[in-house]
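2 protein chains.
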Amino acid sequence: MGGKTHSNTSGPVLQGRAPTLADVAREAGVSLATASRVLNGSTRTVGKDNVTRVLRAADKLGYAPNLSAQATARGSTRTVALVVSDIADPYFSSLAAGVLERAEDAGLIVTMAVADRSAGQELRIVTTLRGHRPHVIIIAGSRLDGPQDDLIDELGAYTAAGGRVALISQPGLPFPTVAIDNTGAAKDLALALAGRGYGRFAVIRGPDGLHTSRDRCDGFLAGLAQAGIEEERVLVTEFSEDGGYAAGARLIADGLGNVELLFAVTDVMALGVMRALRDAGLVPGRDIGVAGFDDIAAAMDVDPALTTVRVPLRDMGRRAMDLALSGTDPAEVVWMPTTCVIRGSTRDALV
Amino acid sequence: MGGKTHSNTSGPVLQGRAPTLADVAREAGVSLATASRVLNGSTRTVGKDNVTRVLRAADKLGYAPNLSAQATARGSTRTVALVVSDIADPYFSSLAAGVLERAEDAGLIVTMAVADRSAGQELRIVTTLRGHRPHVIIIAGSRLDGPQDDLIDELGAYTAAGGRVALISQPGLPFPTVAIDNTGAAKDLALALAGRGYGRFAVIRGPDGLHTSRDRCDGFLAGLAQAGIEEERVLVTEFSEDGGYAAGARLIADGLGNVELLFAVTDVMALGVMRALRDAGLVPGRDIGVAGFDDIAAAMDVDPALTTVRVPLRDMGRRAMDLALSGTDPAEVVWMPTTCVIRGSTRDALV
DNA sequence: TTGTATGCGTTATCAG
DNA sequence: CTGATAACGCATACAA
Chain A
1 MGGKTHSNTS GPVLQGRAPT LADVAREAGV SLATASRVLN GSTRTVGKDN VTRVLRAADK
61 LGYAPNLSAQ ATARGSTRTV ALVVSDIADP YFSSLAAGVL ERAEDAGLIV TMAVADRSAG
121 QELRIVTTLR GHRPHVIIIA GSRLDGPQDD LIDELGAYTA AGGRVALISQ PGLPFPTVAI
181 DNTGAAKDLA LALAGRGYGR FAVIRGPDGL HTSRDRCDGF LAGLAQAGIE EERVLVTEFS
241 EDGGYAAGAR LIADGLGNVE LLFAVTDVMA LGVMRALRDA GLVPGRDIGV AGFDDIAAAM
301 DVDPALTTVR VPLRDMGRRA MDLALSGTDP AEVVWMPTTC VIRGSTRDAL V
Chain B
1 MGGKTHSNTS GPVLQGRAPT LADVAREAGV SLATASRVLN GSTRTVGKDN VTRVLRAADK
61 LGYAPNLSAQ ATARGSTRTV ALVVSDIADP YFSSLAAGVL ERAEDAGLIV TMAVADRSAG
121 QELRIVTTLR GHRPHVIIIA GSRLDGPQDD LIDELGAYTA AGGRVALISQ PGLPFPTVAI
181 DNTGAAKDLA LALAGRGYGR FAVIRGPDGL HTSRDRCDGF LAGLAQAGIE EERVLVTEFS
241 EDGGYAAGAR LIADGLGNVE LLFAVTDVMA LGVMRALRDA GLVPGRDIGV AGFDDIAAAM
301 DVDPALTTVR VPLRDMGRRA MDLALSGTDP AEVVWMPTTC VIRGSTRDAL V
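Line by line, the protein sequences are chains A and B.
The UniProt record's numbering applies: residue 1 is where the first sequence begins, and numbers increase by one.
The UniProt record's numbering applies: residue 1 is where the second sequence begins, and numbers increase by one.
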């Protein structure tokens, strides 16, 4: 709709310059302070007459308060900085959706940066982000092994200055964290699958150093061991769908032997594995079982649907925001529940 | 790695306060100006001795320049604001990935906001964003019908003040735009499918007012008409996977009649349709053809793989950044190429 | 209720 | 090469 009094933006007086509060005040014939009060602070303490004058002037000039200036004046911002490894990955975009949702509820703007799964880059980004003096920093990276004193220092400096931090899925650091029990969930999955008759497994995991990948792999193997299964193959590949495809293809080329089920440490990788199987003329679920981890949306879309571990990704994003805003114990870890979801990609094994 | 000289952040002197440039200058025993020069401006004009002192002091204090203050002082920022409808949707997350990639190349920080496919919300967000005085604003919304003078005003005010704008997939507005020919591509798809023997179609589209949805639907129908096919059904549903599922289910419940192919205006919706078909015991591709639009990653993962129109989403995100940064003709439209991708979900129709 | 004056953390101009 | 000092746009304590 055209709107009531159509805002007559871009007054001819201001050329190539955004209107400032001073412009509005002048236009309205009031002081800077008065204009500031009606446009931002409590509207109460200003005359009803001046309120309308200022509002009208602001509309006429198309005024939008300079948030940078507001931030320096106030000493605080209304933004939350989010760091992810890869926004195109449904795992991270679901997390981000949860964060964005809560941020909007809280009237916060989200700034986002990607840290391509490199620890150095992540550190650099956090330093830059810290410069924005955001209200909150949320890091949803793929934690790497090795000492991360630098990152801890960086975040420590930030919290020492009053900033709030929340980490997603990287427990063990001295900051509030929302996490899942990757090891336990993978173990449960292994037990569930062993219980359904599968006896020979191959695990497809990401490169060394990735916590998530390693924990899920270890947990799965632990579950197998508990079920009395000691014999399995572990393939290391890229942490992506292409990586999953490559591993699947390699496995097929090497001869599947009598492997009955392929467990990939993420759904994205599992989808790649399934594609490799189909390209080789094999039918997932019938000829060979496949299982993943995360329960991304696409896990329901494939046929057969993918057996996996359901992770409440969007909710984890929400909780991370809540956790950061609540400003609780620095080392608090919120463990989110996971559940095994058995679907068609793992029908009962044909003995 | 633990890092060489380990940064001794959070000096005990500063409690709950981020170190400022003044702190660094004092610590280093130099003036504010000198500290500023070495930490930001050209390093050339400052003594080699002072450089190391300042650097050492900054490291010791864990200094990170306050970007808000920098922005107000400089009068410009190094950020790009990105507006999307739904970051969890692979369509948007792919676009975002392209934007983020180019932004990083250009040393820009990306701030992101979601505008749930509501025009009012989008307008509000742009106003807020404008307050950030970003270097660039990119809007990847789902353009709605009807006059949008308000949005044009808002963006006009922004560009008048020197801001750069790029729109994605919403041509017709007086701003640089990267777009695809939805109508033409859908028409081509219809012709290709008609050429493969399909004769009876149903189209599943989103609610009225969504440009993308309408153009693709219209184009598809035009293609059918050109092929001499006048008889078809059009279903309106939610613009989401659930919407696709619902429409598919509804169609099945009403009786498919002799419909041979279902075209959904997005892949996401098409995946929902396929799921509905399978839940009803039908086999997509064999019992009935299915086609989508966008070629999201999941289109390759389903079985049979989804016939669709390939849209270079990530590249569109990149181009949008390039277009905005190049600051060309305000009304320039970059048309991106699309291609029909025929896959297993539309085998030749069984006559 | 309104206006004045000062400060926020940086940059940039201008003398030394 | 370095150091005062005036902006930048806005908020706010204080005075009127």
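Every residue, glycine too, gets a C-beta built ideally from N, C-alpha and C.
Asked                                                                                                                                                                                                              : Found
Only counting the same chain, and skipping five residues up and downstream in sequence, which positions put a Cβ closer than 8 Å to that of B/Ala227?                                                              : Ala190, Leu191, Ala194, Gly195
Between B/Ala28 and the rest of its own chain, which residues show a CB-CB distance below 6 Å, the 5 nearest in sequence each way excluded?                                                                        : Arg53, Val54, Ala57
For B/Pro312 and chain A, any beta-carbon pair shorter than 8 Å?                                                                                                                                                   : no
Just reading off the beta strand (DSSP E) that residue 352 of chain B is part of, what are its end residues?                                                                                                       : Outside the displayed span of chain B (1 to 351) sits residue 352 of chain B, for which this structure offers no information.
Would you identify the three-state DSSP class for A/Pro134, choosing helix, strand or coil?                                                                                                                        : coil
So, B/Thr237 versus B/Ala253, is the Cβ gap smaller than 8 Å?                                                                                                                                                      : no
Report the option in B/Leu277, B/Gly327, B/Arg319 whose CA atom is closest to the CA atom of B/Pro304.                                                                                                             : B/Leu277
Are B/Val302 and A/Val302 closer than 8 Å when you measure CB to CB?                                                                                                                                               : yes
Could you check whether the stretch 79 to 86 of chain A touches the stretch 95 to 115 of chain A, counting it as contact only if at least three pairs of C-beta atoms, one from each stretch, sit closer than 8 Å? : yes
Reducing DSSP to helix, strand and coil, say where A/Met167 ends up.                                                                                                                                               : First, the amino acid is wrong: residue 167 of chain A is Leu here, not Met. A/Leu167 falls in the strand class under three-state DSSP.
Helix, strand or coil, according to DSSP, for A/Arg347 in the structure here?                                                                                                                                      : coil
Report the start-end ranges of each beta strand (DSSP E) in the stretch 190 to 274 of chain B that is 3 residues or longer and not cut off at the edges.                                                           : 201 to 205, 232 to 236, 261 to 264
At the level of alpha carbons, what is the spacing between A/Ile342 and B/Val259?                                                                                                                                  : 33 Å
Any beta carbon of chain A sitting closer than 8 Å to that of B/Gly131?                                                                                                                                            : yes
Could you please give the first and the last residue of the uninterrupted alpha helix (DSSP H) stretch that includes residue 352 of chain A?                                                                       : Here chain A has residues from 1 to 351 only, and residue 352 of chain A is not among them.
Name the DSSP bridge partner or partners of A/Asp294?                                                                                                                                                              : A/Arg310
Compute the Euclidean distance between the alpha carbons of B/Arg74 and B/Arg124, then round it to the nearest angstrom.                                                                                           : 26 Å
Check for me: the alpha helix (DSSP H) holding B/Ile152 runs from which residue to which?                                                                                                                          : 149 to 160
So which residues of chain A does B/Pro65 contact, with C-beta pairs closer than 7 Å?                                                                                                                              : Gly131
Would a C-beta distance cut-off of 8 Å place A/Tyr63 and A/Val24 closer than the cut-off?                                                                                                                          : yes
Starting from residue 352 of chain A, follow its DSSP beta bridges and name the residues at the other end.                                                                                                         : The first residue shown for chain A is 1 and the last is 351, placing residue 352 of chain A beyond what the model contains.
Bridge partners of B/Ala140, per DSSP?                                                                                                                                                                             : B/Val84
Quick one: is B/Ala140 buried, meaning 16 or more other Cβ sit within 10 Å of its Cβ, or exposed?                                                                                                                  : buried
So which residues on chain A does B/Arg278 lean against when the C-beta distance must stay under 8 Å?                                                                                                              : Asp303
Just to confirm, are A/Gly317 and A/Ala119 a CB contact at a threshold of 8 Å?                                                                                                                                     : no
Could you check whether the Cβ of B/Ile252 sits closer than 8 Å to any Cβ belonging to chain A?                                                                                                                    : no
Using a beta-carbon distance below 8 Å, is residue 396 of chain A in contact with chain B?                                                                                                                         : The question about residue 396 of chain A has no answer here: the residues shown for chain A are numbered 1 through 351.
I want to verify the contact list: residues of chain B whose CB lies under 9 Å from the CB of A/Met316, in sequence order.                                                                                         : The premise fails here: A/Met316 is roughly 13 Å from chain B at the closest Cβ pair, so nothing lies under 9 Å.
Based on Cα-Cα distance, which residue from A/Met300, A/Asp295, A/Ser68, A/Tyr245 lies nearest to A/Ala280?                                                                                                        : A/Tyr245
Does the beta-carbon of B/Thr177 have 16 or more other beta-carbons within 10 angstroms, so that it is buried, or is it exposed?                                                                                   : buried
For B/Thr127, decide whether its Cβ has a neighbour in chain A, counting only Cβ atoms nearer than 8 Å.                                                                                                            : yes
Can you pull the chain A residues whose beta carbon is under 8 Å from the beta carbon of B/Met300, in chain order?                                                                                                 : Arg275
Give a yes or no on whether the minimum CB-CB distance between B/Glu122 and chain A is below 8 Å.                                                                                                                  : no
According to the neighbour-count rule (16 or more other Cβ atoms, all chains shown, within 10 Å of its Cβ), is A/Lys48 buried or exposed?                                                                          : exposed
Could you name the residues of chain A that B/Ser93 contacts, counting a contact when the two beta carbons are closer than 7 Å?                                                                                    : Ile87, Ala88, Ser93
Return the residue from the list B/Asn182, B/Ser42, B/Pro337, B/Leu210 that minimises the CA-CA distance to B/Phe293.                                                                                              : B/Asn182
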